[in-house]
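In order, the protein sequence lines correspond to chains W and R.
Under the working numbering, residue 570 is the last one in the first sequence; the count climbs by one each step, no gaps.
Under the working numbering, residue 241 is the last one in the second sequence; the count climbs by one each step, no gaps.
Cβ atoms here follow ideal geometry from the backbone N, Cα and C, with glycine treated the same way.
Reading through the structure tokens given below for one structure.
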Amino acid sequence: MSTFFHILKYKLLSFVKATFDRKMVSAVRGIGSLIVFGTFAVAAFALSFAITRFVEPQVGLEVFHRIVSMTFFVLFVSVNMGNIIVSYATLYKSSEVGYLFTKPVSFTQIFILKFLDNFLYSSSTFFLLVFMALLGYGTYFHYALYTDLAVMFFVFMPMLFLSACIGVLILMSLVKVASQFGFRKVVTGLALLYIVIVALFFKFSNPITMLEGAAKFRPGSLASSGSGGGGIMSLLPNNIASNVLYYISKKSPFLAFSETALMLLMTAMMFTVVLYVGKRFYYRTWLMTFEFQAKSNTVKSGQKVKFFDFRKPSRLPSQLEVLVKKEYFQFFRETSQWLHLALLLVLVFVFAISIRNLNVTLRVTEIQTVGYLILYAFAGFLSCSLALRFVFPSISMEGKTFWTQLSAPIKLRKIFFLKLAIGIVLVLLPALLTAVFSNIPFVKMTERRPLLMYFGVYSAFWVTLTLVSLNLGLGGFFANYQEKNPIRVASSQGATLTFLVSLVYLVSLVSIVIIPLRDYFQSLFQFLPFDMSIIVAPGTTLAMLSAGLSAFALVVGYRSLQRDF
Amino acid sequence: MIELRNVTKKFGSFTAVDNISLVVPAGEFFGFLGPNGAGKTTTIKMMAGLFAPTSGQILMNGYDVVKNPIEAKSFTSYVPDQPFLYDKLTGREFLYFIGGLYKMDKKAIAKKIEEVIEHFDIGEWVDKRTEDYSQGMRQRVTIAAALVHEPKAFIIDEPMVGLDPKSAKIVRETLKMMARQGVSIFMSTHSLPTAEELCDRVGFIKDGRLVFLGTQESLQTYKQKFDGKFESLFLELTK
Chain W
6 MSTFFHILKY KLLSFVKATF DRKMVSAVRG IGSLIVFGTF AVAAFALSFA
56 ITRFVEPQVG LEVFHRIVSM TFFVLFVSVN MGNIIVSYAT LYKSSEVGYL
106 FTKPVSFTQI FILKFLDNFL YSSSTFFLLV FMALLGYGTY FHYALYTDLA
156 VMFFVFMPML FLSACIGVLI LMSLVKVASQ FGFRKVVTGL ALLYIVIVAL
206 FFKFSNPITM LEGAAKFRPG SLASSGSGGG GIMSLLPNNI ASNVLYYISK
256 KSPFLAFSET ALMLLMTAMM FTVVLYVGKR FYYRTWLMTF EFQAKSNTVK
306 SGQKVKFFDF RKPSRLPSQL EVLVKKEYFQ FFRETSQWLH LALLLVLVFV
356 FAISIRNLNV TLRVTEIQTV GYLILYAFAG FLSCSLALRF VFPSISMEGK
406 TFWTQLSAPI KLRKIFFLKL AIGIVLVLLP ALLTAVFSNI PFVKMTERRP
456 LLMYFGVYSA FWVTLTLVSL NLGLGGFFAN YQEKNPIRVA SSQGATLTFL
506 VSLVYLVSLV SIVIIPLRDY FQSLFQFLPF DMSIIVAPGT TLAMLSAGLS
556 AFALVVGYRS LQRDF
Chain R
3 MIELRNVTKK FGSFTAVDNI SLVVPAGEFF GFLGPNGAGK TTTIKMMAGL
53 FAPTSGQILM NGYDVVKNPI EAKSFTSYVP DQPFLYDKLT GREFLYFIGG
103 LYKMDKKAIA KKIEEVIEHF DIGEWVDKRT EDYSQGMRQR VTIAAALVHE
153 PKAFIIDEPM VGLDPKSAKI VRETLKMMAR QGVSIFMSTH SLPTAEELCD
203 RVGFIKDGRL VFLGTQESLQ TYKQKFDGKF ESLFLELTK
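As structure tokens, then:
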């Protein structure tokens, strides 16, 4: 074990030195990050407190904790999916692993190191936000600080760790099975399975149905079997975590303790399984990944003239042509890139289809306003995720090979704005799809008045421009040309900061449109005339805010390209 | 022609390159020598447009690298010390990519690519993605890419690193041929025999300052002051 701690010590040292170096730029970035993370921590606290205070008295303790359980499910799945994708790069593609394999360090120790590295790297922001949200929740239910801390350490961290364990088990199984049946078949199978899960998730829990459903519940109407129902379902980690909160809030500490023990036991068991599987299969599966690469990279396949080939003539100017083709091949030859995009697009598509068929019936102003805004914000959140995952790393992904472009006779703005254009196309199409489809139920409900549809499309354009500009600009500012893994770039500190700024922007948009939207629904439901001039000011504010933020981010990003390389 | 006029580069309070001036006329092979951390790569990166000089001027074929970067870079080829390539492109695709960046006609690129593939003997694996290339293979593709657009100024940082003897010979012959054709060559190297064999003139840099600048003849005369060995001269100048 001494080797393990020796490596761990130097990894920590390296992290500390990289995070707290004495350069001015790093200090400014650090202070900026601290302010933004601090703001978000406070916002997570306030939001959690406000939601709990608003929703819990309306729906009762049991229903409220069912909603909490669903939220945890989303959190659990997010961490799980994130770990499957990120850990492929960390466990199998990292040069550090190759280096450590040449040293007298056991495979199990390397596996644990990289597993922990992956978990802590991809979940650290979650920890902060989850803890602050827990504080907000706990404030409402008058939790002592030590209760919050205990819940964080003994319930939430094990839950997220459990999720990461399952993620890495799925990944290793995937690599193992892929060696039998072929990588593409297995990946396609997994993608289909994921589509089914997402479709089922939306079928049973789309936000409007949940909101309308919750409005019909009355406190105390459910059987007191915890917050997540009985039977096998109560063993789901999200239900256990939600049950702990439920029992603490219900002043039943013994039941809360037993649920906590169950969570710890499950996590310990799963980690033991992970250790066993890691010990037996990590090195073998690591070798398999080389076989996949060798099989897919042959002279024969390279000689074949493809649809979008460098050798083919093009009508585009030569510089633009080669840049576009380079982006295309770099993207579609990297499995983690196209696979992740495909999964996200499927998610967007399923969401759009699911929402289109929604039957919005309740003619209650507040419910429809909140419902509309939930869909609006969720659509924005999808665009936000797409931009963060694919646009933010686009400059970093040039890597050290960026010398080819920076030393060539090409204008920097051509390079920069091409990336902007690609980002806009990538994000705008799904954004328009969700904007149109999520407005269909409301247009139907409002006797086919198209105002909300026009607003949705108008907003989709501005939101796309702003989110892409923010991610490209700040992605350039925080560019890390050393990192080859786009997922790690998209989950870096700079990326998290950008994501948080994007969320602030989305919340600002929601707050800009909330009043005119409420007035609109009110005029419809109460058969009053609607003064169209009401929408001019928010529409203009939305455009100005978006344009201002986009311009700022683009200037920052463009200037960052002019720095020494 | 390559011209550096009082070029200085500072990183905060540290001066990496201190007031360097030199001219490499067309057809001259210039060797840039110095110990590790002397400022060779920083100078070269400024010439390639990757670093902005703190003060001074760099001209490539008469064009200022900072004020007229597009014109200056059009005549220049740069080969970095580490041959970074796009992993997911094949060697051939990378060569097309570079040709396109220099606005070359597709047919001209194809013709030139066939030439460099044959010249550098890379045909056997040029259609594989570069992610599986060895250091030497990458280096050969990078140098081949630098020749695609037929530059007037050639800046090359440590060209022999990672090359096997056969490839190193090809590169040496290529550089000599380019100089004969009128290309200004600026080469940074640690290899003293290479500098002695190839260069018309050499410059020694130490702590960012040019401590020796002279022709091969003056260098030969100068080194007789020591024990007649290039290595001893190098050690003395960079002491």
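- Taking 8 Å as the threshold, the shortest C-beta distance from Q84(R) to chain W falls below it.
- At a cut-off of 8 Å between beta carbons, I124(R) makes no contact with chain W.
- In the three-state reduction of the DSSP assignment, F161(W) falls in the helix class, which pools H, G and I.
- Of all residues in the region 58-90 of chain R, only P71, I72, E73, A74, K75, S76, F77, T78, S79, Y80, P82, Q84, F86, L87, Y88, D89, K90 come within less than 9 Å of chain W when Cβ atoms are compared, listed by chain position.
- For R564(W), the nearest beta carbon of chain R is not closer than 8 Å to its own beta carbon.
- In the DSSP annotation of this structure, Q567(W) is not part of any alpha helix (DSSP H), being labelled neither H nor E.
- Apart from the 5 residues on each side of it in sequence, P85(R) sits with its Cβ closer than 6 Å to the Cβ of R140, Q141, T144 in its chain, given in chain order.
- One finds V327, T409, A413 in chain W with Cβ atoms closer than 9 Å to the Cβ of I100(R), taken in chain order.
- Taking 8 Å as the CB threshold, V304(W) lines the interface with chain R.
- Separation of F186(W) and M162(R) (C-alpha to C-alpha, rounded to the nearest whole angstrom) is 44 Å.
- Contacts with chain R at 8 Å (Cβ-Cβ) include R338(W).
- Contact check for G478(W) against G562(W) passes: the beta carbons are separated by less than 8 Å.
- Considering only S497(W), V304(W), V468(W), I379(W), the residue with the shortest C-alpha distance to L522(W) is I379(W).
- Per DSSP, the beta bridge partners of L215(R) are G205(R).
- A distance below 7 Å between beta-carbons, with the five flanking residues on each side excluded, links T290(W) to the following residues of its chain, in chain order: M177, V180, K181.
- Chain order gives the chain W residues near T92(R) as G307, where near means a beta carbon separation below 7 Å.
- With respect to the C-alpha of M450(W), the residue from R493(W), G376(W), S390(W), S464(W) having the closest C-alpha is G376(W).
- Residue ranges of uninterrupted alpha helix (DSSP H) with 4 or more members, entirely inside the region 401-446 of chain W and ordered along the chain, are 408-411.
- Note on L39(W): under 16 other CB atoms within 10 angstroms of its CB, so exposed under the neighbour-count rule.
- Within the same chain, Cβ atoms closer than 6 Å to the Cβ of V110(W) are found at T8, the five residues on either side in sequence being excluded.
- Residue pairing for A181(R): DSSP places it in no beta bridge.
- Distance check between M86(W) and each of I202(W), A46(W), L105(W) places I202(W) closest, using alpha-carbon atoms only.
- Of all alpha-carbon atoms in M6(W), V327(W), L456(W), A384(W), the one lying nearest the alpha-carbon of I420(W) is that of V327(W).
- With respect to the 8 Å criterion, Y65(R) and A74(R) are classified as neighbours on the basis of their beta carbons.
- Counting only unbroken stretches of 3 or more residues, the beta strand (DSSP E) elements lying wholly within the region 143-187 of chain R are 155-159, in sequence order.
- With fewer than 16 other Cβ atoms inside 10 Å of its own Cβ, H147(W) counts as exposed.
- With respect to V60(W), L174(W) sits apart: the two C-beta atoms are not nearer than 8 Å.
- K309(W) is the residue among F262(W), K309(W), A261(W), P414(W) whose C-alpha sits nearest the C-alpha of D129(R).
- In summary, W408(W) is buried, with 16 or more beta-carbon neighbours lying within 10 Å of its beta-carbon over all protein chains present.
- Taking a Cβ-Cβ threshold of 8 Å, the residues of chain W close to R131(R) are N302, G307, R338, in chain order.
- Contacts with chain W (Cβ-Cβ distance below 8 Å) from the region 30-59 of chain R involve K47, A50, G51, L52, F53, A54, listed in chain order.
- Contacts with chain R at 8 Å (Cβ-Cβ) do not include Q498(W).
- A check of alpha carbon separations from T196(R) across K90(R), S220(R), P167(R) identifies P167(R) as the nearest.
- The beta carbon of F334(W) falls within 8 Å of a beta carbon belonging to chain R, placing the residue at that interface.
- P27(R) sits exposed, since fewer than 16 C-beta atoms from the chains shown fall within 10 Å of its C-beta.
- For the 8 Å CB-CB criterion, S565(W) and Y486(W) do not form a contact.
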